[in-house]
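Report on the structure given below.
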Amino acid sequence: MSSPPASHQPAPRACSPAPATASPQAAAMIDSATLLQGGKSVTISHNGEFYRLQTTRQGKLILTK
70 MSSPPASHQP
80 APRACSPAPA
90 TASPQAAAMI
100 DSATLLQGGK
110 SVTISHNGEF
120 YRLQTTRQGK
130 LILTK
């Protein structure tokens, strides 16, 4: 019994790091308590669409359209 011929596939390339962004500024950080203002949910308007940001009983955040 003979084995099938070996295929000549290129070796997988190592992933290179993503290029640095042109602007080194960090994204603005807003505390969720500031957005929610003591409530459980808030409506956010973005580009003419409305989204609801709400907290769960476990303290996590959910953003829905």
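In the numbering used here, the protein residues as written are 70 to 134. Ideal Cβ placement from N, Cα and C applies to all residues, glycine included.
- Our two residues, Gly108 and Gln123, have alpha carbons roughly 9 Å apart in a direct line.
- In the three-state reduction of the DSSP assignment, Thr112 falls in the strand class.
- If you ignore the 5 residues before and after Lys134, its C-beta comes within less than 7 Å of the C-beta of Glu118, Tyr120, all in its own chain and listed in chain order.
- The DSSP-derived three-state label of Thr103 is helix.
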